[in-house]
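Okay, structure first, notes after.
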Amino acid sequence: MFPLRDVNPTRITPWVTLLLIAINLGIFFLVQQQGSIEAQQILLYERAAIACEVTTGAPLSVEEIIRDVCTPGAQTPAVPNKNVFLALFTSMFLHGGVAHVVFNMWFLWIFGNNVEEAFGHFGYLGIYLFGGLVATATFVMMNPASTIPLVGASGAIAVALGSYAILFPGHKVLSFVGWLVVPIPAALFLGIWFVLQFGLGGTGTAWEAHVGGFFFGAAASLLLRKRLLARVA
Numbered sequence: 161m162f163p164l165r166d167v168n169p170t171r172i173t174p175w176v177t178l179l180l181i182a183i184n185l186g187i188f189f190l191v192q193q194q195g196s197i198e199a200q201q202i203l204l205y206e207r208a209a210i211a212c213e214v215t216t217g218a219p220l221s222v223e224e225i226i227r228d229v230c231t232p233g234a235q236t237p238a239v240p241n242k243n244v245f246l247a248l249f250t251s252m253f254l255h256g257g258v259a260h261v262v263f264n265m266w267f268l269w270i271f272g273n274n275v276e277e278a279f280g281h282f283g284y285l286g287i288y289l290f291g292g293l294v295a296t297a298t299f300v301m302m303n304p305a306s307t308i309p310l311v312g313a314s315g316a317i318a319v320a321l322g323s324y325a326i327l328f329p330g331h332k333v334l335s336f337v338g339w340l341v342v343p344i345p346a347a348l349f350l351g352i353w354f355v356l357q358f359g360l361g362g363t364g365t366a367w368e369a370h371v372g373g374f375f376f377g378a379a380a381s382l383l384l385r386k387r388l389l390a391r392v393a
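So in the working numbering, spot 117 of the sequence shown is number 277, and the numbers just go up one at a time.
Structure (structure tokens):
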């Protein structure tokens, strides 16, 4: 099941969604893809959020990276000047591969524009960024000793998905189901997407961030639902 588009036109130009897509694509293709494979991996350790670093408040040591073990108080940081809390923000704009960034941006385009119309440009940017931090925090709480760089806009995009499910549950999402294009109610499509996240454990996917972001977006939109729907009525 793959979404082609939603049947939910907007009356605005979704400038923030377009800007977020441009920034993510620009960083991936113009920054992350430069240099050797080793240089690309080093960039992730320099700029991505890492749960162990957040829980200990210090950058990973060389030994922690090699052994893949979180050791509080470890010596010889691999990236001495890294701001481990700023990385919670920058990691939202890094991706693990072409498919990762393309799929993320496709979902953001389909579902983000309507959420942007409901929240307004600045409100949408705020819930996207703050919700992305909530999503990352969810992953950190459930994996406090992880030494793997956490990358991707998926957690922040999940905020938009959760919001869309609350605000526009009956709108159709035209989706590939096998070879057929089928109109699926957004609540069903996003409900299936949400349930499938729990099957991603052990795949290297930060499903916890997806779930945390989705819950945050849904909760915020449920709280403000009447006001948000009045904007798009």
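Every residue, glycine too, gets a C-beta built ideally from N, C-alpha and C.
Computed from a predicted structure; not experimentally measured.
How would you call residue i, buried or exposed, if buried means at least 16 neighbouring beta carbons within 10 angstroms?
i	result
Asn243	exposed
Gly315	buried
Gly322	buried
His173	Checking the displayed sequence, the identity of residue 173 turns out to be Thr instead of His. Its Cβ having fewer than 16 others within 10 Å, Thr173 is exposed.
Asn241	exposed
Arg227	exposed
Arg207	buried
Ala318	buried
Leu246	exposed
Val337	exposed
Does DSSP classify residue i as helix, strand or coil?
i	result
Ile344	strand
Val319	helix
Lys386	helix
Arg447	No statement about residue 447 is possible, as the shown extent of the chain runs from 161 to 393 and does not include it.
Ser196	coil
His255	coil
Thr296	helix
Ile172	coil
Gly372	helix
Leu179	helix
Gly280	coil
Compare the C-alpha of residue i against each of the options and name the closest.
i	options	result
Gly283	Leu327, Leu388, Thr173 and Asp166	Leu388
Ala369	Gly330, Ala346 and Pro304	Pro304
Leu180	Leu327, Ala390 and Ala320	Ala320
Leu289	Trp353, Ala313 and Thr298	Ala313
Gly351	Leu203, Ala199 and Phe375	Phe375
Gly256	Asn241, Ile197, Phe271 and Ala325	Ile197
Lys386	Val355, Leu356, Leu327 and Gly338	Leu327
Ile239	Leu246, Ala379, Leu254 and Ser221	Before going further, note that residue 239 is Val rather than Ile in the sequence given. For the residues Leu246, Ala379, Leu254 and Ser221, the minimum Cα distance to Val239 belongs to Ser221.
Leu382	Pro329, Phe267 and Leu334	Pro329
Phe271	Ile225, Phe336 and Pro163	Pro163
Val176	Trp353, Gly286, Met302 and Val229	Gly286
Ser251	Ile210, Phe267 and Phe354	Ile210
Ala379	Ala325, Thr170 and Asn168	Ala325
Thr216	Met301, Trp353, Ala199 and Ala347	Met301
Asn168	Leu334, Val371 and Glu224	Leu334
Gly280	Gln200, Leu384, Gly372 and Asp166	Leu384
Val392	Val355, Arg171 and Asp166	Arg171
So what does residue i bridge to, in DSSP terms?
i	result
Val337	Leu340
Ala209	Leu310
Pro237	Ser221
Lys332	Pro345
Tell me whether residue i, by its Cβ, gets closer than 7 Å to a heavy atom of the ligand ADP.
i	result
Thr177	For the structure depicted, the ligand ADP is absent and the ligand set is empty, with no information on it obtainable.
* Mind the definition here: the segment 229 to 238 touches the segment 283 to 298 only if three or more C-beta pairs lie below 8 Å; say whether that holds. => no
* the segment 187 to 205 contacting the segment 357 to 375, beta-carbon criterion three pairs below 8 Å -> no
* Per the contact definition of three or more C-beta pairs closer than 8 Å, is the segment 248 to 266 in contact with the segment 166 to 186? -> yes
* To do: Kindly confirm or deny that the segment 305 to 312 and the segment 340 to 350 touch, where touching means at least three C-beta pairs closer than 8 Å.
  => no
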